[in-house]
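Colleague: In the working numbering, each residue carries its 1-based index in the sequence shown increased by 8.
Think of the CB as a built atom: it goes at the ideal place given N, C-alpha and C, for glycine as much as any other residue.
Values in this document were obtained by computation on a predicted structure and should not be read as measured data.
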Amino acid sequence: MNDGNPGTLLARLDRPTAAAPVRLAAIADPHVSTRADGTSKLFEHTLDHFVTAIEDIEQRDVDAVVSPGDLTKDGETWNADAVEDALDALDVPIYAVPGNHDVPKEGDDHDAIPVAAFADRFGPGGYPFRHQVGELDVLGLNSAGTADRLAETHDGHVDADQREWLARKLQQTDDSLVVVHHNLPSVTEQLRRHRDRVLEDMAIPPTMREPEAFVDVLADGDAALVLTGHLHLPLTGVDRGVREIATPTTCSFPQSYLLLDITPEGTEIRLVPVADVVGLELAHDRRARDSTTARGLTSMGAARLASMPLVIDD
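1. Where D71 and I212 are concerned, what is the direct C-alpha to C-alpha distance, given to the nearest angstrom?
2. Identify the continuous alpha helix (DSSP H) that holds L144 and give its terminal residues.
3. For V74, which option in L147, D93, Q180, N108 has the closest C-alpha, if you only look at C-alpha atoms?
4. With burial defined as no fewer than 16 other Cβ atoms inside 10 Å of the residue's Cβ, what is the status of S41: buried or exposed?
5. May I ask you to report which of helix, strand or coil DSSP gives R68?
6. With DSSP collapsed to three states, give me the class of N10.
7. Can you list, in chain order, the residues of its chain with a C-beta nearer than 6 Å to that of V30? Leave out the 5 residues immediately preceding and following it.
8. Return helix, strand or coil for T244, following the three-state DSSP convention.
9. So L243 packs on A254, CB below 8 Å; how close in whole Å?
10. Take H118 and list the residues in its own chain whose beta-carbon comes closer than 6 Å to its own, dropping the five residues that flank it on each side.
11. How about N108 and G46: do their beta carbons lie closer than 9 Å?
12. So what's E276 in DSSP terms, helix, strand or just coil?
13. Sort out for me which residues DSSP pairs F130 with in a bridge.
14. Report buried or exposed for E252, applying the criterion of at least 16 other Cβ atoms within 10 angstroms of its Cβ.
15. How is the beta strand (DSSP E) around H292 delimited, first residue to last?
16. What are the partner residues of I320, as DSSP defines its beta bridges?
17. Can you give me the Cβ contacts of S114 inside the same chain, cut-off strictly under 8 Å, excluding the 5 residues immediately before and after it?
18. Which partner residues of D269 appear in the DSSP bridge assignment?
19. With 16 as the cutoff for other CB atoms within 10 Å, does T236 come out buried or exposed?
20. How far does the alpha helix (DSSP H) with R203 in it extend, from its first residue to its last?
21. Counting only runs of 3+ residues fully inside the stretch 36–114, write out the beta strand (DSSP E) ranges in chain order.
22. Per DSSP, T236 is paired with what?
23. For V186, which residues does DSSP report across the bridge?
24. Which one or two residues does DSSP pair with R138 in a beta bridge?
25. Please classify D93 as buried or exposed, where buried requires at least 16 other C-beta atoms within 10 Å of its C-beta.
Here you go:
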């Protein structure tokens, strides 16, 4: 192990637990791009940030890597190739679900990789999936869609078939980690509150459709933890007793990934930066000036970083 306490404590949770400790790395929204630059995502630095994260993760004695998606800029084959090349440095498996930028969209000016190909490269071969890492059940869902579903929007949706699958799997597990790209209502509501109280012109990024139906399945099945991405921020919320942790991005402020230590006592989550102070300052400045919405998200991110840890269960 590279460091007993890397990064900054983000959360200490009662669940999930594991009799034999499990360590996971969670990496979200790298938006790897090899042919673009600019924007608050710092496209020209996305591959470097992703490689830095992978190199650091490789030193942390993790059992697996999970990702709630948006590995690529927009599902381009050349960017998927770059992601795959970077992941070759890992000696442990990665279990990724697609994000809204990984799947084909009607406005694409290129052929995005099919979801089946994404699953073969970066997931366990299909969605939804259940995979055990030690004694921990990892359940992955596709909220981003396919060429035939949600192709006209960047909204998310866990459809009825996946909800039925999830209900069955949750009945078969004790403590499960659910990985999905889009966010639950309580996290999305934090953006609306920021808009209403601080920045009225801020737009709300694409959201989950039928979120309550999804939350009902999670709550009825006593899901221990839901890991999301999408908003590029470290956030947390609770919906009907279900805890969500939103994973920050490696591409824009605050460039970082998460380490999850699941033990018999519970789960400790730490935020690990992938940029130095100068890189973080650049990303903060670029994101704060990119758009009104980006400025609002930057303010929220800075406030969460100043408030760490975000949750400590009693």
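Modeller: The short version:
1. Residue mapping note: residue 71 aligns to position 63 of the sequence shown, counting from 1. Residue mapping note: residue 212 aligns to position 204 of the sequence shown, counting from 1. Each residue's Cα considered, the two are about 35 Å apart.
2. In the sequence shown, residue 144 corresponds to position 136, counting from 1. It is not in any alpha helix (DSSP H) - L144 instead sits in the beta strand (DSSP E) that spans 144–148.
3. By one-based count along the sequence shown, residue 74 stands at place 66. When each option's Cα is compared against that of V74, the closest is L147.
4. Here residue 41 corresponds to residue number 33 of the sequence shown, with the count starting at 1. A buried status is given to S41, since no fewer than 16 other beta-carbon atoms sit within 10 Å of its beta-carbon.
5. Position 60 of the sequence shown, counted from the start, is the residue given in the question as residue 68. It is coil, neither helix nor strand.
6. Reading the sequence shown from its first residue, position 2 is the one you call residue 10. Here N10 scores only 48 on pLDDT, less than 50, and its place in the model should not be relied on; the value that follows carries that caveat. Three-state result, N10: coil.
7. Position 22 of the sequence shown, counting from 1, holds the residue named residue 30. Here the set comprises D71, V141, G142, L144, I270.
8. Locating residue 244 in the sequence shown gives position 236, counting from the first residue. In this structure, T244 counts as strand in the three-state DSSP scheme.
9. As a working mapping, residue 243 is identified with position 235 in the sequence shown. As a working mapping, residue 254 is identified with position 246 in the sequence shown. The Cβ separation is near 4 Å, so the contact holds.
10. Counted from its first residue, the sequence shown places residue 118 at position 110. Taken in chain order, the residues that qualify are E84.
11. Translated into the one-based positions of the sequence shown, residue 108 becomes position 100. Translated into the one-based positions of the sequence shown, residue 46 becomes position 38. For N108 and G46, no; Cβs fall outside 9 Å.
12. One-based indexing of the sequence shown puts residue 276 at position 268. It is a strand residue.
13. What you label residue 130 is simply residue 122 of the sequence shown in a count that begins at 1. Answer by DSSP bridge pairing: none, since F130 is not bridged.
14. As a working mapping, residue 252 is identified with position 244 in the sequence shown. Buried is the call here.
15. Here the question's residue 292 lines up with position 284 in the sequence shown. Taken as a continuous stretch (DSSP letters only), H292 belongs to no beta strand (DSSP E), being part of the alpha helix (DSSP H) at 285–298.
16. As a first step, residue 320 must be located in the sequence shown, where it is residue number 312. For I320, which the question treats as bridged, DSSP gives the partners R20.
17. Start at 1 with the first residue of the sequence shown, and residue 114 comes out as number 106. According to the sequence as given, residue 114 is Glu; it is not Ser. If we look at E114 and ignore the five residues flanking it on each side, its Cβ neighbours are A159, E160.
18. As a first step, residue 269 is located in the sequence shown; it is residue number 261 there, counting from the start. Beta-bridge analysis with DSSP links D269 to R31, E276.
19. Here the question's residue 236 lines up with position 228 in the sequence shown. Buried: at least 16 other Cβ atoms inside 10 Å.
20. Numbered from its first residue, the sequence shown carries residue 203 at position 195. In the DSSP assignment, R203 falls within the alpha helix (DSSP H) that extends over 193–205.
21. 72–75, 102–104
22. Numbered from its first residue, the sequence shown carries residue 236 at position 228. Bridge partners of T236: A254.
23. As a working mapping, residue 186 is identified with position 178 in the sequence shown. According to DSSP, V186 bridges with L147, V234.
24. Translated into positions along the sequence shown, residue 138 becomes position 130. Paired residues: L147.
25. Translated into the one-based positions of the sequence shown, residue 93 becomes position 85. So D93 counts as exposed.
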